[in-house]
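Visitor: There's a structure below that I have some questions on.
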Amino acid sequence: MSVYVGVGIISAYIVLSLLLVPVQYKYIKQLAETKNRNKERGVSEEEHYNQMSFETEQLHFNAQGNLLFIGANLLATLVYNLKTRGKK
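If you count the sequence shown from 1, position 84 lands on 510 in the numbering used here, and the numbers rise without skipping.
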């Protein structure tokens, strides 16, 4: 019985990660675009995060560091790197 529960939890996490990949991909893509815009303006990444409001900073922290998003973050980063490999 406990094996089925463990398999069910792992399966649910994998399905959740796969469903969240498109959302995290858009987030990672937007971060890269923001990084490029800041580079053109001469703003460092530290200055950019210091200029953020507390609420926006917390949203970034949760999107990047939440344990539920780790699988989706890894997959979305992999997909983004594969798509932009030749463009850099």
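C-beta: ideal position from N, C-alpha, C; glycine also. Quantities reported herein were computed from a predicted structural model and do not represent experimental measurements.
Of the choices G434, F480, Y453, whose alpha-carbon is the least far from that of F495?
Guide: Nearest of G434, F480, Y453 to F495, Cα basis: Y453.
Visitor: Report yes or no: do three or more beta-carbon pairs, one from the segment 429-446 and one from the segment 471-489, lie closer than 8 Å?
Guide: no
Visitor: Cα separation between L485 and G512?
Guide: Taking the straight line from one Cα to the other gives about 31 Å.
Visitor: In its own chain, which residues sit with a C-beta less than 7 Å from the C-beta of A489, not counting the 5 before and 5 after it?
Guide: Excluding residues within five positions, the ones whose Cβ falls inside 7 Å are Y453, F495.
Visitor: Please classify T510: does DSSP put it in a helix, a strand, or coil?
Guide: coil
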